[in-house]
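Asks: The structure under discussion is supplied below as structure tokens; questions concerning it will follow.
Numbering (the numbering used here), first residue to last: 414 to 663.
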């Protein structure tokens with residue numbers, strides 16, 4: 414078990430990629446704080462799945478866009494498990510909006526979760542990790558940190574910012590034995606994009622661009638997430654792994 418004895422916070426762990434990572438971490442021996450904002454039922458199902466396999470986890474509501482919720486998330490993790498060794502910034506939102514119809518509220522809502530929330534939660538957790546001797550921070554981004562997505566300019570901008578966040582945090586936190594890395598998934602079938610990825614024309618167009626000729630599943634992200642949280646990545650920081658079936662090759 415590569416994460417035995419470690420404690421992980423996974424944001425947005427009630428469904429999709431966050432849920433898969435939380436379960437994968439527990440399978441590797443980690444104790445998991447299953448964070449959610451709206452998907453309470455999903456978070457509780459994640460916890461039940463972990464506990465049924467003999468793992469330790471609890472669900473905790475906290476909206477990462479609300480900075481006042483960060484202290485609650487961190488303090489509850491410390492109260493329950495006594496440490497925070499791993500943070501996965503997975504929570505994110507995506508709003509379909511053409512540039513010529515852009516509204517300030519779309520910018521604010523997206524930035525508040527995808528950038529501001531992820532950054533300040535990482536800062537808060539890093540203070541704990543520095544005190545405890547180190548840790549691993551993993552940001553879940555998207556291939557749209559380097560490839561723009563039509564009608565989702567704000568989303569793509571925030572993901573580009575997350576790419577630089579990984580590098581900036583890694584540079585400053587390395588001296589505290591805190592590793593900061595990212596994962597940028599490609600076409601992964603989740604509740605957020607199920608309608609988008611199952612529309613026949615869109616799906617066929619994507620498959621034509623993916624050398625591995627399939628749409629990914631949330632479980633395809635788990636291997637990279639475990640690697641970046643484990644001792645196997647102790648000489649890796651400031652990098653982002655693209656898990657996209659080769660999509661960015663074209």
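Just so it is clear, CB atoms sit at the ideal spot from N, CA and C, and this is done for glycine as well.
In angstroms with no decimal places, state the Cα-to-Cα distance between residue 523 and residue 578.
Replies: 16 Å
Asks: Find the nearest neighbour of residue 473 within the set 545, 572, 482, 561, judged by alpha-carbon distance.
Replies: 482
Asks: For residue 484, tell me which candidate among 547, 535, 636, 435 has the shortest Cα-Cα distance.
Replies: 535
Asks: Identify the continuous beta strand (DSSP E) that holds residue 444 and give its terminal residues.
Replies: Where residue 444 is concerned, the enclosing beta strand (DSSP E) stretches over 444 to 449.
Asks: Could you tell me which of 614, 643, 648, 531 sits nearest to residue 479, measuring between CA atoms?
Replies: Nearest option by C-alpha distance: 531.
Asks: Following the continuous beta strand (DSSP E) through residue 611, name the residue where it begins and the one where it ends.
Replies: That residue, residue 611, is in no beta strand (DSSP E); its alpha helix (DSSP H) goes 607 to 611.
Asks: What is the DSSP secondary structure of residue 425, counted as helix, strand or coil?
Replies: coil
Asks: Just the Cα atoms here: how many angstroms apart are residue 649 and residue 592?
Replies: 7 Å
Asks: Please classify residue 599: does DSSP put it in a helix, a strand, or coil?
Replies: coil
Asks: Between the region 612 to 630 and the region 513 to 527, do three or more beta carbon pairs fall short of 8 Å?
Replies: no
Asks: DSSP three-state label for residue 649, please.
Replies: coil
Asks: Measure from the alpha carbon of residue 453 to the alpha carbon of each residue in 652, 436, 425, then state which is nearest.
Replies: Among 652, 436, 425, the Cα nearest to that of residue 453 belongs to 425.
Asks: Return the CA-CA distance between residue 565 and residue 520, expressed in angstroms with no decimal places.
Replies: 11 Å
Asks: DSSP state of residue 496, grouped into three classes?
Replies: coil
Asks: What's the call for residue 607, buried or exposed, on a 16-neighbour Cβ count within 10 Å?
Replies: exposed
Asks: Taking 6 Å as the limit between beta carbons, can you name the residues of its chain near residue 539, skipping five residues before and five after?
Replies: 586, 591
Asks: Against chain B, with Cβ distances strictly below 8 Å, would residue 453 count as a contact?
Replies: No chain B appears in this structure, which consists of one protein chain only.
Asks: Report yes if the C-beta distance between residue 554 and residue 596 is below 8 Å; otherwise report no.
Replies: yes
Asks: For residue 455 and residue 513, what's the separation of their Cα atoms in angstroms?
Replies: Whole-angstrom Cα-Cα distance: 35 Å.
Asks: Would you identify the three-state DSSP class for residue 518, choosing helix, strand or coil?
Replies: Three-state result, residue 518: helix.
Asks: Buried or exposed for residue 414, going by 16 or more other Cβ atoms inside 10 Å?
Replies: exposed
Asks: Measure the C-alpha to C-alpha separation of residue 598 and residue 634 and round it to an integer number of angstroms.
Replies: Each residue's alpha carbon lies about 7 Å from the other.
Asks: Quick one: measure Cβ to Cβ for residue 490 and residue 446, integer angstroms, because I've assumed they're closer than 8 Å.
Replies: 5 Å
Asks: Could you give the first and the last residue of the continuous beta strand (DSSP E) run that contains residue 361?
Replies: Shown here, the chain extends from 414 to 663; a query on residue 361 therefore has no answer.
Asks: Return helix, strand or coil for residue 594, following the three-state DSSP convention.
Replies: strand
Asks: By the three-class DSSP mapping on this structure, what secondary structure does residue 548 have?
Replies: strand
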